[in-house]
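Engineer:
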Amino acid sequence: MANALDPHAAIATTATGLTDGALRTTDGMPLVRALARSQKRARRRAFLLVLPLLAFILITFVVPIGQMLQRSFYNDGFSAHMPQLSQWFDDNPRGAEPDEAAWAALATDLQAAAEARTIGIVGTRINYDVPGTRSLFTSTGRQVRRGLEPPYQAALLDINDDWGSPALWSAMREASSPVTSNFYLAAVDRTRADDGSIAPVEERQQVYVMLFMRTFWLSLVITATTFLLGFPIAHLLATLPMRKSNLLMILVLLPFWTSLLVRTTSWMVLLQQQGVINDILVWLGVIGGSQRLQMIYNQTGTIIAMTHILLPFMILPLYSVMRTINPSYVRAARSLGATSWTAFRRVYFPQTLPGLGAGALLVFILAVGYYITPALVGGSSGQLISNMIAMHMTDTLNWSMAAALAALLLGAVLLLYWVYDRMVGIDNLKLG
Amino acid sequence: MTRRLIAGTALALMSGVAAQAQEGPINITTYGGAFGAAVNEAFVKPFTAEKGIQATMVDNDNPPATLKAQVEAGNITSDVFDVEQSDVLRLCDEGLIEPIDPAILPASADGTPAAEDYLPQALHECATAIMVWSTVIAYNTEAFPDGAPTSVADFFETEKFPGKRGIIKRPKYVMEFALLGDGVPADQVYDVLSTPEGVDRAFAKLDSIKDEVVWWEAGAQAPQLLADKEVTMTLAYNGRIFDAIVDEGKPFAFVWDGANLDMDYWVVPMGAPNKEVAMDFIAFASDPTRQADLSKYIAYGPPRESASASVGTYKDGTTEMAPYLPTTPENAERALVNDAGFWADHDSELTERFNSWLAGS
Numbered sequence: 231m232a233n234a235l236d237p238h239a240a241i242a243t244t245a246t247g248l249t250d251g252a253l254r255t256t257d258g259m260p261l262v263r264a265l266a267r268s269q270k271r272a273r274r275r276a277f278l279l280v281l282p283l284l285a286f287i288l289i290t291f292v293v294p295i296g297q298m299l300q301r302s303f304y305n306d307g308f309s310a311h312m313p314q315l316s317q318w319f320d321d322n323p324r325g326a327e328p329d330e331a332a333w334a335a336l337a338t339d340l341q342a343a344a345e346a347r348t349i350g351i352v353g354t355r356i357n358y359d360v361p362g363t364r365s366l367f368t369s370t371g372r373q374v375r376r377g378l379e380p381p382y383q384a385a386l387l388d389i390n391d392d393w394g395s396p397a398l399w400s401a402m403r404e405a406s407s408p409v410t411s412n413f414y415l416a417a418v419d420r421t422r423a424d425d426g427s428i429a430p431v432e433e434r435q436q437v438y439v440m441l442f443m444r445t446f447w448l449s450l451v452i453t454a455t456t457f458l459l460g461f462p463i464a465h466l467l468a469t470l471p472m473r474k475s476n477l478l479m480i481l482v483l484l485p486f487w488t489s490l491l492v493r494t495t496s497w498m499v500l501l502q503q504q505g506v507i508n509d510i511l512v513w514l515g516v517i518g519g520s521q522r523l524q525m526i527y528n529q530t531g532t533i534i535a536m537t538h539i540l541l542p543f544m545i546l547p548l549y550s551v552m553r554t555i556n557p558s559y560v561r562a563a564r565s566l567g568a569t570s571w572t573a574f575r576r577v578y579f580p581q582t583l584p585g586l587g588a589g590a591l592l593v594f595i596l597a598v599g600y601y602i603t604p605a606l607v608g609g610s611s612g613q614l615i616s617n618m619i620a621m622h623m624t625d626t627l628n629w630s631m632a633a634a635l636a637a638l639l640l641g642a643v644l645l646l647y648w649v650y651d652r653m654v655g656i657d658n659l660k661l662g
Numbered sequence: 277m278t279r280r281l282i283a284g285t286a287l288a289l290m291s292g293v294a295a296q297a298q299e300g301p302i303n304i305t306t307y308g309g310a311f312g313a314a315v316n317e318a319f320v321k322p323f324t325a326e327k328g329i330q331a332t333m334v335d336n337d338n339p340p341a342t343l344k345a346q347v348e349a350g351n352i353t354s355d356v357f358d359v360e361q362s363d364v365l366r367l368c369d370e371g372l373i374e375p376i377d378p379a380i381l382p383a384s385a386d387g388t389p390a391a392e393d394y395l396p397q398a399l400h401e402c403a404t405a406i407m408v409w410s411t412v413i414a415y416n417t418e419a420f421p422d423g424a425p426t427s428v429a430d431f432f433e434t435e436k437f438p439g440k441r442g443i444i445k446r447p448k449y450v451m452e453f454a455l456l457g458d459g460v461p462a463d464q465v466y467d468v469l470s471t472p473e474g475v476d477r478a479f480a481k482l483d484s485i486k487d488e489v490v491w492w493e494a495g496a497q498a499p500q501l502l503a504d505k506e507v508t509m510t511l512a513y514n515g516r517i518f519d520a521i522v523d524e525g526k527p528f529a530f531v532w533d534g535a536n537l538d539m540d541y542w543v544v545p546m547g548a549p550n551k552e553v554a555m556d557f558i559a560f561a562s563d564p565t566r567q568a569d570l571s572k573y574i575a576y577g578p579p580r581e582s583a584s585a586s587v588g589t590y591k592d593g594t595t596e597m598a599p600y601l602p603t604t605p606e607n608a609e610r611a612l613v614n615d616a617g618f619w620a621d622h623d624s625e626l627t628e629r630f631n632s633w634l635a636g637s
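Chains as they are written, first to last, in my numbering: chain A, 231 to 662; chain B, 277 to 637.
1. Given that a residue counts as buried once 16 or more other Cβ atoms are within 10 Å of its Cβ, and exposed if not, what is B/S624?
2. So, does the CB of B/M277 fall closer than 8 Å to a CB anywhere in chain A?
3. Taking contact to mean at least 3 C-beta pairs separated by less than 8 Å, is the stretch 542–557 of chain B in contact with the stretch 390–398 of chain B?
4. Taking 8 Å as the threshold (beta carbon to beta carbon), is A/I351 in contact with chain B?
5. Since B/R366 meets chain A, which of its residues come closer than 9 Å, beta carbon to beta carbon?
6. Excluding the 5 residues preceding and the 5 following A/A334 in the sequence, name in chain order all residues of the same chain whose CB lies nearer than 6 Å to its CB.
7. The ligand ATP heavy atoms versus the CB of A/R324: any closer than 7 Å?
8. In the DSSP output, which residue or residues are listed as bridge partners for B/R580?
9. For A/S369, name the three-state secondary structure that DSSP assigns.
10. Going along chain B in order, which residues have a C-beta closer than 7 Å to the C-beta of A/Q435?
11. Which stretch, first to last residue, makes up the alpha helix (DSSP H) that contains A/Y414?
12. Applying the criterion that 16 or more other CB atoms from any shown protein chain within 10 Å of the CB defines a buried residue, is B/Q330 buried or exposed?
13. To which residues does DSSP link B/H400 through a beta bridge?
14. Taking A/G609 as the query, report the chain B residues whose CB atoms sit under 8 Å from its CB, ordered along the chain.
15. Could you say if the stretch 518–537 of chain A and the stretch 491–500 of chain A meet the contact criterion of at least three C-beta pairs nearer than 8 Å?
16. Where does B/S571 fall in DSSP's three states?
17. Would you mind working out which of A/Y358, A/G589, A/L288 sits nearest A/A454, comparing C-alpha positions?
18. Can you name, in chain order, every residue of its own chain whose Cβ lies under 8 Å from the Cβ of B/A498, other than the five neighbours on each side?
19. Measuring alpha carbon to alpha carbon, tell me which of B/P322, B/E433, B/F530, B/D592 ends up nearest B/V412.
20. Could you tell me the boundaries of the beta strand (DSSP E) in which A/Y527 lies?
21. Assign B/Q638 to buried or exposed, taking buried as 16 or more other Cβ atoms, counted over all protein chains shown, within 10 Å of its Cβ.
22. Which whole-angstrom value is the C-beta distance of B/V408 and B/V543, which I expect to be below 8 Å?
23. Could you say which of A/A326, A/A401, A/D388, A/L483 lies nearest to A/G353 if we only look at CA atoms?
24. How many Å lie between B/D467 and A/D391 at the Cα?
25. Starting from B/P340, follow the alpha helix (DSSP H) in both directions and report where the run begins and ends.
26. Anything in chain B within Cβ reach of A/Q504, meaning under 9 Å, just list it in chain order.
27. Candidates B/A478, B/A403, B/G387: which alpha carbon is nearest B/F432's?
28. 8 Å is my cut-off, CB to CB: does B/K526 come that close to chain A?
29. With DSSP as the reference, identify every bridge partner of B/T589, one or two as the case may be.
30. For B/S586 and A/Q504, I'd like the C-alpha separation in whole angstroms.
31. Using a Cβ-Cβ distance under 8 Å, would B/E370 count as near chain C?
32. Applying the criterion that 16 or more other CB atoms from any shown protein chain within 10 Å of the CB defines a buried residue, is A/V409 buried or exposed?
33. Is A/F579 buried or exposed, if buried means 16 or more other CB atoms sit within 10 Å of its CB?
34. For the putative contact between A/A343 and A/G371, defined by C-beta atoms under 8 Å, what is the C-beta separation to the nearest angstrom?
35. For the alpha helix (DSSP H) holding A/T363, just list the boundary residues, first then last.
36. Is DSSP giving A/Y678 helix, strand or coil here?
Structural data, given as structure tokens:
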């Protein structure tokens with residue numbers, strides 16, 4: 231078999247000629263180990279290169295967001311400043327009537343909190359659960375700073391009858407543990423009744439569930455509209471000759487580079503009742519001067535403006551996928567007798583799915599968290615949940631509530647992402 | 277070479293020590309915009325010029341939230357903040373701002389101590405008022421050639437005064453306004469609003485014009501909506517409308533009936549690095565003539581009675597400011613002073629109710 235002229239045989243002979251049968255580098259190290267070592271070095275270098283970004287993301291993004299989200303279930307506003315009463319709640323089961331020991335603990339804590347100027351924090355925390363009680367704490371605090379005589383129950387009730395309210399004691403018991411589910415309950419329009427059971431809030435106070443639904447529904451509608459509008463444009467971009475497609479590309483990108491605020495404001499100019507579009511319609515005689523259309527400061531305005539703003543996020547991934555589709559496939563389908571619709575449906579469209587998936591995911595997730603545009607053009611019916619989060623962050627300063635709403639939104643988006651992965655497969659996503 | 281380096285380092289170190297011994301520089305955070313510019317001209321620049329301490333004005337669209345974040349993180353970059361009334365109560369009760377000793381505030385020219393000279397609610401244990409502003413009705417004069425609206429009730433008369441109405445999208449000011457429009461006297465508004473029936477009554481009044489309302493959020497939107505003729509009448513911040521009338525020559529006018537007076541305050545964050553200088557600045561800015569000077573740059577009124585008399589003309593030199601200020605007696609006559617205590621207690625509840633009401637059809 232071993233033929234001196236057979237090159238394969240020659241190599242085989244050389245290889246087996248070594249003592250342990252492994253290839254070695256010139257300095258005698260087994261090739262596998264040398265390779266592993268050099269790869270390890272390359273990996274380490276790559277890691278070092280990524281390290282600044284990783285540290286940056288950890289310090290400026292992951293940690294603060296984690297801390298913020300922690301506020302949604304952790305609020306020690308009450309427990310940290312009312313230690314004795316919190317202790318009493320720990321020692322006594324729910325349903326136990328507050329005895330004189332509880333009232334004494336309450337009085338001592340109120341006095342200490344008033345001294346330390348933390349009573350406002352305590353009152354604010356309880357006010358989240360029982361509106362209108364914040365001043366009960368602060369005003370009582372001012373009075374007990376001068377001292378309080380036992381019996382404490384009578385003394386406190388003498389200052390204000392509201393101290394006897396079961397709802398207040400129930401809220402204080404809830405707040406006595408820093409870990410609470412109350413903000414999440416409130417974020418889904420639920421509340422804790424006096425006996426600790428969970429009940430829906432009054433109908434006229436319900437707002438969040440409806441806003442979550444509206445946010446997801448409007449985001450879906452916007453995603454669908456960007457698809458309907460963006461698909462033909464992306465197709466045109468991908469198939470036109472380079473010179474024309476470049477021009478079209480600039481038309482797509484120009485608004486993309488323009489400030490979000492400018493684009494939103496332009497829509498206000500166009501759509502308002504005394505705006506350009508209504509003026510043209512009246513001038514054309516399509517509508518009468520008194521029947522000007524209400525196209526902004528409502529859901530319609532939100533959908534129109536957001537569709538326009540998010541359109542490039544649909545077009546660009548679609549375009550990048552469409553450009554790689556070989557036109558000969560469609561030609562082949564046509565030559566085999568498919569109508570143009572069938573060729574599109576069965577040959578072309580399935581190949582654009584990775585781009586569509588990426589575009590739809592981008593647009594949907596951006597839309598779910600959108601804030602400026604709905605705030606400006608949404609009016610009363612075009613508001614999204616993000617506007618509520620912003621309001622709790624900046625107006626009411628109830629950061630725990632904002633965190634709970636944000637966490638629910640994040641959870642819902644992750645859930646959708648998971649569903650998407652299960653149904654479409656995340657590998658089918660192509661961003662460019 | 278080495279010697280020069282050592283000398284240079286020593287010099288740098290010494291100047292560093294010297295800089296530490298001297299207090300300041302201080303930062304002053306305000307809501308910015310036209311108000312920030314006015315504060316800069318009337319208080320910040322003169323302070324630097326007279327005291328020789330560098331003071332810088334920092335724009336911020338939400339000073340209370342920034343203050344809270346800075347104090348909680350222990351990283352305070354501003355020594356003085358401008359916040360609204362309801363925030364003063366919250367921040368003070370939560371121990372986030374320093375108490376201010378009223379004794380540091382200068383007496384008025386005739387010797388009246390500051391404590392008696394300031395308007396009611398203008399002095400707080402943790403804050404002193406900067407100026408008085410108001411939420412008023414503004415209308416486009418071209419929209420009503422046959423007779424202008426004169427009262428809150430007219431705002432709700434969409435038959436007599438046709439056109440859309442602009443209203444700020446938050447319950448504060450709006451709830452009070454609705455009750456005033458429903459005939460509740462100004463001094464009883466907060467008593468009525470404290471009852472569930474009163475809240476229902478306010479929403480019922482708003483229901484009557486709900487379809488005619490354009491809701492706005494940013495202060496600049498109100499004059500814009502009026503100028504675009506998107507609305508014929510709107511609730512607006514008086515300073516913004518003044519700018520539109522005087523600076524841009526827009527045909528707008530005010531209805532002072534039912535104006536809602538509110539104040540902005542100086543506060544010092546708890547643990548501010550330059551607390552002493554910050555207090556000096558507040559004392560400096562509370563001088564009556566200096567307060568009157570603020571009205572030269574913006575249509576907000578001084579919070580001290582003795583300052584009202586010294587209010588002169590606008591920076592253009594010709595426009596008398598008195599007719600445009602919410603503190604001028606004729607304007608303040610039928611005004612309501614916003615009750616920050618009420619809002620501190622009921623803000624979250626009424627905001628949720630308001631949002632739910634807005635969202636419902």
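Ideal Cβ placement from N, Cα and C applies to all residues, glycine included.
Structural biologist: On the basis of the supplied data:
1. Here residue 624 of chain B corresponds to residue number 348 of the second sequence, with the count starting at 1. Answer is buried; the Cβ neighbour count reaches 16.
2. Taking the second sequence and counting its residues from 1, the one referred to as residue 277 of chain B is at position 1. Since pLDDT at B/M277 reaches only 46, below the 50 mark, its modelled position is unreliable, and the value read off the structure follows with that caveat. Chain A, which has no Cβ nearer than 8 Å to the Cβ of B/M277, makes this no.
3. Here the stretch 542–557 of chain B does not lie against the stretch 390–398 of chain B, with fewer than 3 beta-carbon pairs under 8 Å apart.
4. Working through the first sequence from its first residue, we reach residue 351 of chain A at position 121. With 8 Å as the cut-off, A/I351 counts as an interface residue toward chain B.
5. As a working mapping, residue 366 of chain B is identified with position 90 in the second sequence. Under a criterion of Cβ atoms nearer than 9 Å, the residues of chain A adjacent to B/R366 are, in order, G350, T354, R364, L627.
6. Locating residue 334 of chain A in the first sequence gives position 104, where the first residue counts as 1. Same-chain partners within the cutoff: Y382.
7. The ligand content of the structure shown is nil, which means the ligand ATP is not present either.
8. Counted from its first residue, the second sequence places residue 580 of chain B at position 304. When beta bridges are read from the DSSP output, B/R580 appears opposite B/Y394.
9. Position 139 of the first sequence, counted from the start, is the residue given in the question as residue 369 of chain A. Of the three classes helix, strand and coil, the one that applies to A/S369 here is helix, per DSSP.
10. Here residue 435 of chain A refers to the residue found at position 205 when the first sequence is read from its first residue. Correct list: E628, R629, S632.
11. Sequence index remark: in the first sequence, residue 414 of chain A carries index 184 (1-based). Taken as a continuous stretch (DSSP letters only), the alpha helix (DSSP H) holding A/Y414 covers 412–417.
12. Reading the second sequence from its first residue, position 54 is the one you call residue 330 of chain B. By the neighbour-count rule (16 or more Cβ atoms within 10 Å), B/Q330 is not buried but exposed.
13. Counting from 1 along the second sequence, the entry for residue 400 of chain B is found at position 124. B/H400 is bridged by DSSP to B/A403.
14. Locating residue 609 of chain A in the first sequence gives position 379, counting from the first residue. Residues of chain B passing the Cβ test: V490, W491.
15. Yes: at least three Cβ pairs fall under 8 Å.
16. Walking along the second sequence from the start, residue 571 of chain B turns up at place 295. Per DSSP, reduced to three states, the secondary structure at B/S571 is coil, with no helix or strand assignment.
17. Residue numbering aside, residue 454 of chain A sits at position 224 when the first sequence is read from its first letter. Ranking A/Y358, A/G589, A/L288 by Cα distance to A/A454 puts A/G589 first.
18. For the purposes of this step, residue 498 of chain B is taken as residue 222 along the second sequence, with counting starting at 1. A distance below 8 Å between beta-carbons, with the five flanking residues on each side excluded, links B/A498 to the following residues of its chain, in chain order: A414, G442, I444, W492, T510, L511, A512, Y513, R516, I517.
19. The sequence position of residue 412 of chain B within the second sequence is 136, counting from 1. Ranking B/P322, B/E433, B/F530, B/D592 by Cα distance to B/V412 puts B/F530 first.
20. Taking the first residue of the first sequence as 1, we reach residue 527 of chain A at position 297. Unbroken run through A/Y527: none, as it is neither H nor E.
21. With chain B represented from 277 up to 637, any question about residue 638 of chain B goes unanswered, as that position is not in the structure.
22. Position 132 of the second sequence, counted from the first residue, corresponds to residue 408 of chain B. Position 267 of the second sequence, counted from the first residue, corresponds to residue 543 of chain B. At roughly 17 Å, the Cβ-Cβ gap does not stay under 8 Å, so B/V408 and B/V543 are not in contact.
23. Taking the first sequence and counting its residues from 1, the one referred to as residue 353 of chain A is at position 123. A/G353 has its Cα closest to that of A/A401, out of A/A326, A/A401, A/D388, A/L483.
24. Working through the second sequence from its first residue, we reach residue 467 of chain B at position 191. Working through the first sequence from its first residue, we reach residue 391 of chain A at position 161. B/D467 and A/D391 have their alpha carbons spaced roughly 19 Å apart.
25. Within the second sequence, residue 340 of chain B is the residue found at index 64, counting from 1. Run containing B/P340: 339–349, per the alpha helix (DSSP H) assignment.
26. Stepping through the first sequence from its first residue, residue 504 of chain A is reached at position 274. By Cβ distance, chain B contributes D504, K505, E506.
27. Indexing the second sequence from 1 puts residue 432 of chain B at position 156. Per the Cα distances, B/A478.
28. Working through the second sequence from its first residue, we reach residue 526 of chain B at position 250. Not one chain A Cβ lies under 8 Å of B/K526.
29. As a first step, residue 589 of chain B must be located in the second sequence, where it is residue number 313. B/T589 is bridged to B/E596.
30. Sequence index remark: in the second sequence, residue 586 of chain B carries index 310 (1-based). Sequence index remark: in the first sequence, residue 504 of chain A carries index 274 (1-based). Rounded to whole angstroms, B/S586 to A/Q504 spans 43 Å at the Cα level.
31. The chain labelled as chain C is not found among the protein chains of the depicted structure, namely A and B.
32. The sequence position of residue 409 of chain A within the first sequence is 179, counting from 1. When all chains shown are included, A/V409 counts as exposed.
33. Along the first sequence, read from residue 1 onward, the residue named residue 579 of chain A stands at position 349. The residue is exposed, with fewer than 16 neighbouring Cβ atoms inside 10 Å.
34. Here residue 343 of chain A is taken as the residue at index 113 of the first sequence, counted from 1. Here residue 371 of chain A is taken as the residue at index 141 of the first sequence, counted from 1. Confirmed, Cβ separation roughly 6 Å.
35. Numbered from 1 along the first sequence, position 133 holds the residue referred to as residue 363 of chain A. Premise fails: A/T363 is in no alpha helix (DSSP H) and is neither H nor E.
36. Nothing can be reported for residue 678 of chain A: it is not among the residues displayed for chain A, which extend from 231 to 662.
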